[in-house]
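So the structure is just underneath, and the comments pick up after that.
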Amino acid sequence: MRIVVTVKLVPDLNAEKRIDPTTKRLVRTGMETVLNPYDEYALEAALQLKAKQGDDTTVTLLSMASESLKETLRKALAMGADDAVVLSDDALAGSDVAMTSAALAQALKKIGFDLVICGGLADDGSTGGVPGAIAEHLGLPGLTNARHLEIVGGTIKAQRETDSGYQAVTCPLPALVSVTMAVGEPRYASLKGIMGAKKKTIATLSGSDIGFENRAPKTELLSFAPPPARTKARIVEASDGATGARAIFDFLRERKLV
Ligand SMILES: Cc1cc2nc3c(=O)[nH]c(=O)nc-3n(C[C@H](O)[C@H](O)[C@H](O)COP(=O)(O)OP(=O)(O)OC[C@H]3O[C@@H](n4cnc5c(N)ncnc54)[C@H](O)[C@@H]3O)c2cc1C
Numbered sequence: 001m002r003i004v005v006t007v008k009l010v011p012d013l014n015a016e017k018r019i020d021p022t023t024k025r026l027v028r029t030g031m032e033t034v035l036n037p038y039d040e041y042a043l044e045a046a047l048q049l050k051a052k053q054g055d056d057t058t059v060t061l062l063s064m065a066s067e068s069l070k071e072t073l074r075k076a077l078a079m080g081a082d083d084a085v086v087l088s089d090d091a092l093a094g095s096d097v098a099m100t101s102a103a104l105a106q107a108l109k110k111i112g113f114d115l116v117i118c119g120g121l122a123d124d125g126s127t128g129g130v131p132g133a134i135a136e137h138l139g140l141p142g143l144t145n146a147r148h149l150e151i152v153g154g155t156i157k158a159q160r161e162t163d164s165g166y167q168a169v170t171c172p173l174p175a176l177v178s179v180t181m182a183v184g185e186p187r188y189a190s191l192k193g194i195m196g197a198k199k200k201t202i203a204t205l206s207g208s209d210i211g212f213e214n215r216a217p218k219t220e221l222l223s224f225a226p227p228p229a230r231t232k233a234r235i236v237e238a239s240d241g242a243t244g245a246r247a248i249f250d251f252l253r254e255r256k257l258v
């Protein structure tokens, strides 16, 4: 069985972000890049399935990113993925959800898969739209927000998190799932894993390799602005807890929040 995990390479959460005013894109060079944290959970889910399935199951990473960032994937290879593919092409820069998902779907067709596992959200773009859109492009069942996965025969069983609990769902493979953080904490890479990762393959595909050329994003960023500065906080001085609680209650009631 071949499991493919989609991994976005994102700026480190603590890195200072800057938008290029001309291209209106996030400047991704010159800042620390990391694996999208949610995708580490997707990889953890894949490695758990691999351990249960046996040795002929492989886990391949797929990332659409600048080729210059591909070494960032070594961490995921050290965690236990078998190999990686980077889809990289200057023409893909500036991709929106529609273009990203269409390109990843084409790459998945080229690579081949039985199961695709995605993170639920990218730390930077944060639309959460890519997994469902890939499933649509490939005509696959899409099980989103899964907190537990199990392969039984030719099917995948998933528990989907909802606001009030979870749904138990099943569908035939091939399929696509996206996972929540409840699948389990991503494992640390062992020393053996780190050493072994150095020899693992990171292949590169271009737009023409996957028959994905002359496409354009369907959305256009019109403008952007920093969030408004915070207004000054109101400080309440209270002589005791009861007076403080009363002041908080009055504050909330004024705003019709209680
Ligand atoms: C006009 C416009 C231009 C944009 N230009 C860029 C750009 O140049 N670069 C850019 O990164 N974003 C760009 N974006 C943001 C872009 O919409 C998203 O980054 C991208 O489409 C993925 O969506 P997301 O980040 O919201 O992913 P989500 O839907 O939040 O991601 C969910 C999951 O999908 C998978 N996934 C998402 N993206 C990738 C990827 N690239 N490779 C592998 N797996 C992935 C991961 O498993 C992730 O956890 C642009 C957006 C607009 C509107």
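If you read the sequence shown in our numbering, its first letter stands for residue 1, the second for the next number, and so on. C-beta: ideal position from N, C-alpha, C; glycine also.
Might you give, ordered along the chain, the residues of its own chain that have their beta carbon closer than 6 Å to the beta carbon of VAL258, omitting 5 neighbours on each side?
For VAL258, where only same-chain residues beyond five positions count, the Cβ hits under 6 Å are LEU252.
Range of the contiguous beta strand (DSSP E) that encloses MET64:
58–64 is the extent of the beta strand (DSSP E) around MET64.
Could you have a look at THR204 and say whether DSSP puts it in helix, strand or coil?
In the three-state DSSP reduction, THR204 falls in the strand class (E or B).
Ligand 1 heavy atom lying under 7 Å from the CB of PRO217
For ligand 1, at least one heavy atom lies less than 7 Å from the Cβ of PRO217.
Within 10 angstroms of its Cβ, does GLU161 collect 16 or more other Cβ (buried), or is it exposed?
The residue in question, GLU161, is buried, as its Cβ has 16 or more Cβ neighbours within 10 Å.
Counting only the same chain and skipping the five closest in sequence on each side, list residues whose C-beta sits under 7 Å from that of ALA105.
The answer, listed in chain order, is ILE134, HIS137 and LEU138.
Host beta strand (DSSP E) of LYS70 (start-end):
For LYS70, there is no enclosing beta strand (DSSP E), as DSSP marks it with neither H nor E.
In whole angstroms, what separates the C-alpha of ALA76 from that of ALA245?
The alpha-carbon separation between ALA76 and ALA245 amounts to approximately 49 Å.
Alpha-carbon spacing of LEU176 relative to SER223, whole angstroms
Roughly 34 Å between the two C-alpha positions.
Whole alpha helix (DSSP H) elements within the region 73–101, 4-residue minimum:
At a cut-off of 4 residues, the continuous stretches assigned as alpha helix (DSSP H) that sit fully inside the region 73–101 are 74–79.
Whole angstroms is fine: what's the gap from GLY259's alpha carbon to ILE248's?
Missing from the structure shown is residue 259; the chain here goes from 1 to 258 and no further.
Is any heavy atom of ligand 1 found at a distance shorter than 7 Å from the C-beta of THR144?
Outside the cutoff, so no.
Which complete alpha helix (DSSP H) runs does the region 209–236 hold, if anything under 4 residues is left out?
If we require 4 residues or more, the region 209–236 turns out to have no alpha helix (DSSP H) run fully inside it.
With distances taken between CB atoms, is the gap from LEU205 to ALA107 smaller than 8 Å?
Result yes, Cβ atoms of LEU205 and ALA107 sit closer than 8 Å.
Buried/exposed call for MET64, threshold 16 Cβ in 10 Å
Its Cβ being crowded by 16 or more others within 10 Å, MET64 is buried.
Roughly how many angstroms separate the alpha carbons of THR29 and VAL116, rounded to a whole number?
In a straight line, the C-alpha of THR29 is about 29 Å away from that of VAL116.
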